[in-house]
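Chemist: My questions will all concern the structure given below.
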Amino acid sequence: MVGSVIVHKDKIIGEGWHRKSGEAHAEVNAINSVKDQSLLKASTIYVSLEPCSHFGKTPPCSDLIIAKGIKKVVIGTVDPFSEVSGRGINKLLEAGCEVLVGILEKECQELNKRFFTFHLKKRPYIILKWAQSEDGFIAPVIENSEDRKPVWITNKYSSQLVHKWRSEEQAIMVGTNTAVADNPKLNTRTWTGKSPVRVVIDQYLRIPEDSALFNKSIKTIVICGEKVLQEKEDQQKIIPHKNLLFESVDFSQNLGTLVCSLLHAYDLHSVIIEGGTQTLQTFIDQGLWDEARIFSGDIQFKKGVKAPEFSGNLISEKKIASDTLKIYRND
Ligand SMILES: NC(=O)C1=CN([C@@H]2O[C@H](COP(=O)(O)OP(=O)(O)OC[C@H]3O[C@@H](n4cnc5c(N)ncnc54)[C@H](OP(=O)(O)O)[C@@H]3O)[C@@H](O)[C@H]2O)C=CC1
Ligand SMILES: Nc1c(N[C@@H]2O[C@H](COP(=O)(O)O)[C@@H](O)[C@H]2O)[nH]c(=O)[nH]c1=O
Ligand SMILES: [Zn+2]
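For what it's worth, this note's numbering labels the leading residue of the sequence shown as 3, then goes sequentially.
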């Protein structure tokens with residue numbers, strides 16, 4: 003999200019923000035919102051991200067600022083996107099604008115943390131999320147039960163918050179055992195908004211075909227081994243569908259890095275990984291995470307699947323009725 007404000011003689015005369023990829027940028031909306039366009043020549047434009055310099059889905063905002071005769075530009079942070087990255091600022095300077103860069107820089111980077119991670123680290127912003135019992139388990143001992151559903155640890159308020167989080171991210175991922183044991187839907191249900199793209203690891207394609215993840219209602223990417231995919235394709239057991247995509251990777255390599263490259267190639271800027279422990283630990287051990295959101299319920303399991311082991315900076319802790327939510331950052 004990028005925001006822009008236009009100020010004339012200490013008075014805000016225009017405001018705008020970038021609503022959606024492909025639509026008008028913040029500066030365009032802010033400029034268009036100014037009723038008396040003749041004031042622009044004596045105004046300052048504030049924008050949280052460097053004005054763009056390239057013809058992307060829309061024309062360059064730096065050209066528009068210059069064309070409107072705005073003389074002073076205050077920028078929160080440089081754009082990490084290689085097509086822009088300093089070029090927007092240079093265009094403005096060359097046109098004789100006064101340009102201030104780095105105002106509330108940290109706040110502006112935080113606002114677009116997904117976008118920054120995607121361009122600077124060439125991977126999605128990674129949020130780890132799990133719920134653990136009071137004694138540190140994410141599930142009791144798994145019995146080979148026909149009844150494929152999660153053992154619920156958290157309360158309905160935490161669960162609703164998770165659905166809000168799902169609506170805020172572009173992808174959601176789980177490991178094979180979780181898909182087998184829980185038959186999760188991984189959609190956004192108790193909150194409004196989009197469901198993320200579902201991603202599941204399934205090296206040997208052993209997740210039952212009638213699983214909710216394969217119902218084709220939402221775009222779903224299955225990450226499997228090269229050999230098994232070839233075999234299934236040869237047997238014509240994979241029917242191509244726009245919402246069910248199979249991607250093979252070399253499981254003898256570093257899985258975390260492979261998944262990150264794959265999601266980057268799919269242009270997915272963020273992913274929430276909802277377990278289980280083995281999958282979460284894979285990313286933790288490779289330092290491939292940005293935030294961990296951990297619920298603790300008041301239930302005790304005594305034995306079962308241990309929660310992941312990790313260390314990070316605790317940035318917030320709160321009670322949600324009987325649950326505790328702790329959020330950590332990896333920095
Ligand atoms: N409370 C909570 O928040 C949650 C609880 N759960 C519970 O956790 C349990 C499952 O957890 P867990 O057993 O840790 O399983 P995972 O869901 O993490 O699945 C593990 C499997 O995924 C594949 N996999 C994961 N990481 C790798 C890797 N680095 N390399 C290769 N393959 C990998 C392997 O499949 P393969 O063996 O086919 O190679 C592995 O056996 C379930 O009981 C579920 O109910 C799950 C999610 C959240
Ligand atoms: N058990 C457990 C969670 N489990 C996670 O939620 C998934 C189920 O998603 P869905 O089928 O969409 O409701 C499940 O597979 C696992 O990833 N989450 C929590 O917030 N609290 C909990 O106590
Ligand atoms: Zn722009």
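Glycine included, every Cβ here is placed at the ideal spot set by N, Cα and C.
Since we're looking at a predicted model, the values are computed, not measured.
1) Compute the Euclidean distance between the alpha carbons of T281 and S6, then round it to the nearest angstrom.
2) Using the beta-carbon count (16 or more within 10 Å), is W154 buried or exposed?
3) If you check the beta carbons only, do L270 and V199 fall under 9 Å apart?
4) Relative to the C-alpha of G289, which residue among E107, S40, A323, L257 is closest?
5) Examine ligand 1 and report whether any of its heavy atoms sits within less than 8 Å of the Cβ of Q280.
6) Put I155 into one of helix, strand or coil per three-state DSSP.
7) If you reduce the DSSP assignment to three classes, tell me which class G227 lands in.
8) Within this structure, are the beta carbons of C226 and F248 separated by less than 9 Å?
9) Give the list of continuous alpha helix (DSSP H) stretches no shorter than 4 residues that lie fully inside the stretch 89-172.
10) Across which residues does DSSP place T46 in a beta bridge pair?
11) Do you know offhand how far L113's Cα is from C54's?
12) Under 9 Å, Cβ to Cβ, is there at least one residue of chain C near G24?
13) Do you know how far the Cα of E233 is from the Cα of R125?
14) By the 10 Å Cβ neighbour count, where 16 or more other Cβ atoms means buried, how is G104 classified, buried or exposed?
15) What alpha helix (DSSP H) runs, 4 residues minimum, are completely inside the stretch 254-309?
16) Residues bridged to I322 by DSSP?
17) Between I274 and E171, what straight-line distance do the alpha-carbon atoms span, to the nearest angstrom?
18) Along the alpha helix (DSSP H) that carries E29, what are the first and last residues, could you check?
19) Going by C-alpha to C-alpha distance, which of S40, L231, Y268, Y330 sits closest to W291?
20) CB E136 to CB G278, shorter than 9 Å?
21) For Q134 versus F297, is the C-beta distance shorter than 9 Å?
22) In angstroms with no decimal places, state the Cα-to-Cα distance between F312 and I220.
23) Leaving out five residues on either side along the sequence, give the residues of the same chain with a beta carbon under 7 Å from the beta carbon of A28.
Modeler: Considering the structure as presented:
1) Position 279 of the sequence shown, counted from the first residue, corresponds to residue 281. Position 4 of the sequence shown, counted from the first residue, corresponds to residue 6. Using only the alpha carbons, I get a separation of about 40 Å.
2) Reading the sequence shown from its first residue, position 152 is the one you call residue 154. Under this definition W154 is an exposed residue.
3) For this step, residue 270 is matched to residue 268 along the sequence shown. For this step, residue 199 is matched to residue 197 along the sequence shown. Against a cut-off of 9 Å, the Cβ pair of V199 and L270 comes out as a contact.
4) Within the sequence shown, the letter at position 287 stands for residue 289. For the residues E107, S40, A323, L257, the minimum Cα distance to G289 belongs to L257.
5) As a first step, residue 280 is located in the sequence shown; it is residue number 278 there, counting from the start. Yes, the beta carbon of Q280 sits closer than 8 Å to at least one heavy atom of ligand 1.
6) As a first step, residue 155 is located in the sequence shown; it is residue number 153 there, counting from the start. DSSP places I155 in coil when its eight states are reduced to three.
7) The residue labelled residue 227 in the question sits at position 225 within the sequence shown. In this structure, G227 counts as strand in the three-state DSSP scheme.
8) Your numbering for residue 226 matches position 224 in the sequence shown. Your numbering for residue 248 matches position 246 in the sequence shown. Going by C-beta atoms, C226 is nearer than 9 Å to F248.
9) 89-96, 107-113, 115-123, 158-170
10) As a position in the sequence shown, residue 46 is number 44, starting the count at 1. Looking at the DSSP assignment, T46 forms a beta bridge with V9, K74.
11) For the purposes of this step, residue 113 is taken as the residue at position 111 of the sequence shown. For the purposes of this step, residue 54 is taken as the residue at position 52 of the sequence shown. Straight-line Cα distance between these residues: approximately 17 Å.
12) Among the chains in the structure shown there is no chain C, since it carries only a single protein chain.
13) Residue 125 sits at position 123 when you count from the first residue of the sequence shown. Residue 233 sits at position 231 when you count from the first residue of the sequence shown. Looking at the two C-alpha atoms, the distance is approximately 30 Å.
14) Position 102 of the sequence shown, counted from the first residue, corresponds to residue 104. Looking at its Cβ environment, which holds fewer than 16 other Cβ atoms inside 10 Å, G104 is exposed.
15) 257-267, 279-287
16) In the sequence shown, counting from the first residue as 1, residue 322 sits at position 320. Bridge partners of I322: D325.
17) Sequence index remark: in the sequence shown, residue 274 carries index 272 (1-based). Sequence index remark: in the sequence shown, residue 171 carries index 169 (1-based). C-alpha separation (whole angstroms): 7 Å.
18) Along the sequence shown, read from residue 1 onward, the residue named residue 29 stands at position 27. From DSSP, the alpha helix (DSSP H) with E29 extends over 28-34.
19) The residue labelled residue 291 in the question sits at position 289 within the sequence shown. Out of S40, L231, Y268, Y330, Y330 has the C-alpha closest to the C-alpha of W291.
20) Residue mapping note: residue 136 aligns to position 134 of the sequence shown, counting from 1. Residue mapping note: residue 278 aligns to position 276 of the sequence shown, counting from 1. No, these two residues do not count as a Cβ contact at 9 Å.
21) Here residue 134 refers to the residue found at position 132 of the sequence shown. Here residue 297 refers to the residue found at position 295 of the sequence shown. Going by C-beta atoms, Q134 is nearer than 9 Å to F297.
22) Here residue 312 corresponds to residue number 310 of the sequence shown, with the count starting at 1. Here residue 220 corresponds to residue number 218 of the sequence shown, with the count starting at 1. Those two C-alpha atoms are separated by around 32 Å.
23) As a first step, residue 28 must be located in the sequence shown, where it is residue number 26. The answer, listed in chain order, is V4, G5, S6, G18, W19, H20, V49.
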